[in-house]
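Peer 1: Let me begin by handing over the structure; questions about it come next.
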Amino acid sequence: MAASGVEKNSKKKTEKKLAAREEAKLLAGFMGVMNNMRKQKTLCDVILMVQERKIPAHRVVLAAASHFFNLMFTTNMLESKSFEVELKDAEPDIIEQLVEFAYTARISVNSNNVQSLLDAANQYQIEPVKKMCVDFLKEQVDASNCLGEAEKVDQSLPECGISVLAECLDCPELKATADDFIHQHFTEVYKTDEFLQLDVKRVTHLLNQDTLTVRAEDQVYDAAVRWLKYDEPNRQPFMVDILAKVRFPLISKNFLSKTVQAEPLIQDNPECLKMVISGMRYHLLSPEDREELVDGTRPRRKKHDYRIALFGGSQPQSCRYFNPKDYSWTDIRCPFEKRRDAACVFWDNVVYILGGSQLFPIKRMDCYNVVKDSWYSKLGPPTPRDSLAACAAEGKIYTSGGSEVGNSALYLFECYDTRTESWHTKPSMLTQRCSHGMVEANGLIYVCGGSLGNNVSGRVLNSCEVYDPATETWTELCPMIEARKNHGLVFVKDKIFAVGGQNGLGGLDNVEYYDIKLNEWKMVSPMPWKGVTVKCAAVGSIVYVLAGFQGVGRLGHILEYNTETDKWVANSKVRAFPVTSCLICVVDTCGANEETLET
Numbered sequence: 000m001a002a003s004g005v006e007k008n009s010k011k012k013t014e015k016k017l018a019a020r021e022e023a024k025l026l027a028g029f030m031g032v033m034n035n036m037r038k039q040k041t042l043c044d045v046i047l048m049v050q051e052r053k054i055p056a057h058r059v060v061l062a063a064a065s066h067f068f069n070l071m072f073t074t075n076m077l078e079s080k081s082f083e084v085e086l087k088d089a090e091p092d093i094i095e096q097l098v099e100f101a102y103t104a105r106i107s108v109n110s111n112n113v114q115s116l117l118d119a120a121n122q123y124q125i126e127p128v129k130k131m132c133v134d135f136l137k138e139q140v141d142a143s144n145c146l147g148e149a150e151k152v153d154q155s156l157p158e159c160g161i162s163v164l165a166e167c168l169d170c171p172e173l174k175a176t177a178d179d180f181i182h183q184h185f186t187e188v189y190k191t192d193e194f195l196q197l198d199v200k201r202v203t204h205l206l207n208q209d210t211l212t213v214r215a216e217d218q219v220y221d222a223a224v225r226w227l228k229y230d231e232p233n234r235q236p237f238m239v240d241i242l243a244k245v246r247f248p249l250i251s252k253n254f255l256s257k258t259v260q261a262e263p264l265i266q267d268n269p270e271c272l273k274m275v276i277s278g279m280r281y282h283l284l285s286p287e288d289r290e291e292l293v294d295g296t297r298p299r300r301k302k303h304d305y306r307i308a309l310f311g312g313s314q315p316q317s318c319r320y321f322n323p324k325d326y327s328w329t330d331i332r333c334p335f336e337k338r339r340d341a342a343c344v345f346w347d348n349v350v351y352i353l354g355g356s357q358l359f360p361i362k363r364m365d366c367y368n369v370v371k372d373s374w375y376s377k378l379g380p381p382t383p384r385d386s387l388a389a390c391a392a393e394g395k396i397y398t399s400g401g402s403e404v405g406n407s408a409l410y411l412f413e414c415y416d417t418r419t420e421s422w423h424t425k426p427s428m429l430t431q432r433c434s435h436g437m438v439e440a441n442g443l444i445y446v447c448g449g450s451l452g453n454n455v456s457g458r459v460l461n462s463c464e465v466y467d468p469a470t471e472t473w474t475e476l477c478p479m480i481e482a483r484k485n486h487g488l489v490f491v492k493d494k495i496f497a498v499g500g501q502n503g504l505g506g507l508d509n510v511e512y513y514d515i516k517l518n519e520w521k522m523v524s525p526m527p528w529k530g531v532t533v534k535c536a537a538v539g540s541i542v543y544v545l546a547g548f549q550g551v552g553r554l555g556h557i558l559e560y561n562t563e564t565d566k567w568v569a570n571s572k573v574r575a576f577p578v579t580s581c582l583i584c585v586v587d588t589c590g591a592n593e594e595t596l597e598t
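Residue 340 in numbering that gives the first Met the number 0 sits at position 341 of the sequence shown; the count goes up by one each step and never skips.
Okay, structure coming up:
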């Protein structure tokens, strides 16, 4: 009975859809006939006079499509009784297209006519066309067209920036899209001629926004100085107002002293010099005193430039960045000797390389500052070992498990505080493990898989557990479907993906994810390759497998997995990282010197 009821409902829905299609087809047929009658001037009761062109139409059709014509033809306006209606300051081709749309519901929106169509659709209140134009322009917004001066609107629409156009034509959705682009891509926008030509009111408003996305506040300073110098004699009176929008306390002490103080514009203006000195004093305050200051210390939106860093493991000369935007590889200078079975993690501009061994476990922790392109060493974990896992959370580096030169796996769990530069032993894991995966997700530390030891008899695990730093407690979780070690483990949007690795029988191509909310694992599409060792990282919704070992050979080309579509792509044009025992982590290079990254 239940099945029969479902079938009946499904049949009714299908019938309704077919009926709706038939109605639409009939209506389109009727309107097509009316449009042919219009073109033949049959039963037309109005002529639209647009410059020298006469466009025949039926009042009822125009009134149905346009609120403007509806009011014109249904009230006591003079045009309601006139056979010929003049449309002043209108473009004949645009009005012809709008009239055609009233009959056919079809119109071609392109880069040549969109602004004129939007202007006309707005004036004659034809909302569907206005929406089509807005949707088209939202897709076209870029650094070269998002800005523009308001006075250009009446003179030449194509020269008007989309943000200004949207404001003048009352398109709040388009205005929001354009402004959001300006804020998100401010570092590109402020280098355009359009930015330099803005009036003081718009520049002041823009530089005051918290939502400007910048690498650092010095880019806002650079934008302000560029604008002032573009027309220095005429903009001199606005200098204090413009530079007051720069948050000097957020600029680094080094940049303030070497660059800002040396700027002639600043040196010649006592008020501006006071702002710079105030910014330098901020750096002398204690963290507690800084928190009491509000003016000029509100942070902007942080700009990110994520890349995946790989460190050579057994080959120190092979250290590189992978850029997921253009699939390029760039070298990283690395002065330290090789180490095997180590771990690496990124926090606050620094990559920390921990554990691992040569002939013996390495005690030190090597650190690479991606902004300064500099290496230095710190004291490593209290218990030197290899085959450990690491991740970062809230300024702390956590290390778990591992083994001491081929011995059994450890329960050990340690924490390095990056602020105090000190190590602390934390409560041990519930299960001893090495060659496992560990990730931070929503402030918690998740540990999955691994084995009981690096020797042949070391059982491969499918067990999982989670650590809460707030309570310093471990909780057992639902086990993975497949036991695995040397696998990739990444966090993407409330899901933790376990990729490849090996069980007791050999390499794996299967992939599963842990649903944090449901506490359960589910299988997804397998890799197009079996990896005994998998080195992967996630940027956005994409998981990149950049290195790995199959047992008889290494991964030749990179693999990409889209977590939203559940599809794998083998990128045959991009070679994989050549070292299978490498270390891998996602880094934010936005603060790095661009020349360093391109070397």
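For each residue, glycine too, the CB sits at the ideal point set by N, CA and C. All values derive from a computational prediction rather than experimental measurement.
Buried or exposed for G449, please, with buried defined as at least 16 other CB atoms from any protein chain shown within 10 angstroms of its CB.
Peer 2: Buried: at least 16 other Cβ atoms inside 10 Å.
Peer 1: Using a 10 Å radius around the Cβ and a threshold of 16 neighbouring Cβ atoms, would you call F29 buried or exposed?
Peer 2: Answer is exposed; the Cβ neighbour count stays below 16.
Peer 1: Specify whether the segment 399 to 411 and the segment 381 to 388 touch according to this definition: at least 3 beta carbon pairs, one from each stretch, less than 8 Å apart.
Peer 2: Yes, the segment 399 to 411 touches the segment 381 to 388.
Peer 1: Taking one C-beta from the segment 531 to 544 and one from the segment 270 to 281 each time, how about it: are there three or more such pairs within less than 8 Å?
Peer 2: Output reads no: the segment 270 to 281 does not touch the segment 531 to 544.
Peer 1: From the DSSP output, in three-state form, read off M364 for me.
Peer 2: M364: strand per DSSP, three-state reduction.
Peer 1: Can you look up N570 in the DSSP assignment and give me helix, strand or coil?
Peer 2: Three-state result, N570: strand.
Peer 1: G355 lies in the beta strand (DSSP E); which residues open and close that run?
Peer 2: G355 -> beta strand (DSSP E) spans V349 to S356.
Peer 1: Report the option in L61, A23, Q183 and F345 whose CA atom is closest to the CA atom of N34.
Peer 2: The option with the nearest alpha carbon to N34 is L61.
Peer 1: With DSSP as the reference, label T203 as helix, strand or coil.
Peer 2: Helix, per DSSP.
Peer 1: Rounded to the nearest angstrom, what separates W422 and H556 at their Cα positions?
Peer 2: Looking at the two C-alpha atoms, the distance is approximately 39 Å.
Peer 1: Do three or more CB pairs link the segment 110 to 128 to the segment 53 to 67 at distances below 8 Å?
Peer 2: Contact holds: three or more Cβ-Cβ distances are below 8 Å.
Peer 1: Nearest to Y320 by CA position, among G354, D372, A142 and K362, is which residue?
Peer 2: Selected option, being the one with the closest Cα: D372.
Peer 1: Do you know how far the Cα of I181 is from the Cα of G221?
Peer 2: Here residue 221 is Asp; the residue named in the question, Gly, does not match the sequence. Their Cα atoms are separated by approximately 16 Å.
Peer 1: Taking the C-alpha atoms as reference points, what is the distance between V202 and M131?
Peer 2: Distance between the alpha carbons of V202 and M131 is about 30 Å.
Peer 1: Quick check on this structure: which residue in M428, R225 and D134 has the alpha carbon closest to the alpha carbon of L117?
Peer 2: Cα-wise, what sits closest to L117 is D134.
Peer 1: Using the rule of at least 16 other Cβ atoms within 10 Å of the residue's Cβ for burial, across every protein chain shown, is R600 buried or exposed?
Peer 2: As shown, the chain starts at 0 and ends at 598. That puts residue 600 outside it, with no answer to give.
Peer 1: Cα separation between Q508 and G355?
Peer 2: Sequence inspection shows Asp at residue 508; the Gln mentioned does not correspond to that position. Their backbone Cα atoms lie some 26 Å apart in a straight line.
Peer 1: Please look up how many angstroms separate the CB atoms of G160 and L146, rounded, as I've assumed it's under 8 Å.
Peer 2: Right, their Cβ atoms sit about 4 Å apart.
Peer 1: DSSP state of A175, grouped into three classes?
Peer 2: A175: helix per DSSP, three-state reduction.
Peer 1: Measure the alpha-carbon distance for G503 versus V370 and round it to whole angstroms.
Peer 2: Distance between the alpha carbons of G503 and V370: 42 Å.
Peer 1: Taking DSSP as the reference, what is the three-state secondary structure of F412?
Peer 2: Here F412 sits in strand by DSSP.
Peer 1: Could you name the residues of the same chain whose beta carbon sits closer than 7 Å to that of V113, not counting the 5 residues immediately before and after it, in chain order?
Peer 2: Excluding residues within five positions, the ones whose Cβ falls inside 7 Å are C132, F135 and L136.
Peer 1: If we require 4 or more residues per run, which alpha helix (DSSP H) segments fall completely within the segment 12 to 53?
Peer 2: With a minimum length of 4 residues, no continuous alpha helix (DSSP H) run stays inside the segment 12 to 53.
Peer 1: Assign N592 to one of three DSSP states: helix, strand, or coil.
Peer 2: The predicted position of N592 is uncertain, since its pLDDT is 46 and thus under 50; a value taken from the coordinates is nonetheless stated next. Looking at N592 - three-state DSSP - the assignment turns out to be coil, as it is neither helix nor strand.
Peer 1: Along the beta strand (DSSP E) that carries L70, what are the first and last residues, could you check?
Peer 2: Premise fails: L70 lies in the alpha helix (DSSP H), H66 to T73, not in any beta strand (DSSP E).
Peer 1: Taking 8 Å as the cut-off, does the segment 405 to 414 touch the segment 424 to 440 (at least 3 CB pairs, one atom from each stretch)?
Peer 2: Yes, they touch.
Peer 1: Do you know offhand how far K16's Cα is from L26's?
Peer 2: Rounded to whole angstroms, K16 to L26 spans 15 Å at the Cα level.
Peer 1: Any idea what DSSP makes of I495, helix, strand or coil?
Peer 2: Here I495 sits in strand by DSSP.
Peer 1: What whole-angstrom Cβ distance do L488 and G436 have, given they're in contact under 8 Å?
Peer 2: Confirmed, about 3 Å.
Peer 1: Whether or not the segment 323 to 335 and the segment 230 to 243 are in contact is what I'm after, with contact meaning three or more pairs of Cβ atoms, one per stretch, closer than 8 Å; do they touch?
Peer 2: Cβ pair count under 8 Å is below three, so no.
Peer 1: For I106, which residues from the same chain have a beta carbon less than 8 Å from its beta carbon, with the 5 sequence-adjacent residues on both sides left out?
Peer 2: Once the five neighbours on either side are set aside, the close Cβ partners of I106 are Q96, L97, E99, F100, L116, V128 and M131.
Peer 1: Taking only three categories from DSSP, how would you classify G552?
Peer 2: Looking at G552 - three-state DSSP - the assignment turns out to be coil, as it is neither helix nor strand.
Peer 1: Would Y375 and K395 qualify as a contact pair, given that the criterion is a beta-carbon distance under 8 Å?
Peer 2: Not in contact: Y375 and K395 (Cβ atoms no closer than 8 Å).
Peer 1: Leaving aside the five residues before and after E85 along the sequence, list all residues of the same chain whose C-beta is less than 6 Å from its C-beta, in chain order.
Peer 2: Result list for E85: M48, in chain order.
Peer 1: What are the boundary residues of the beta strand (DSSP E) that includes I444?
Peer 2: That run of the beta strand (DSSP E) goes L443 to C447.
Peer 1: Contact defined as beta carbons within less than 8 Å: I believe T210 pairs with R300. What is the distance between those atoms, to the nearest angstrom?
Peer 2: Confirmed, about 5 Å.
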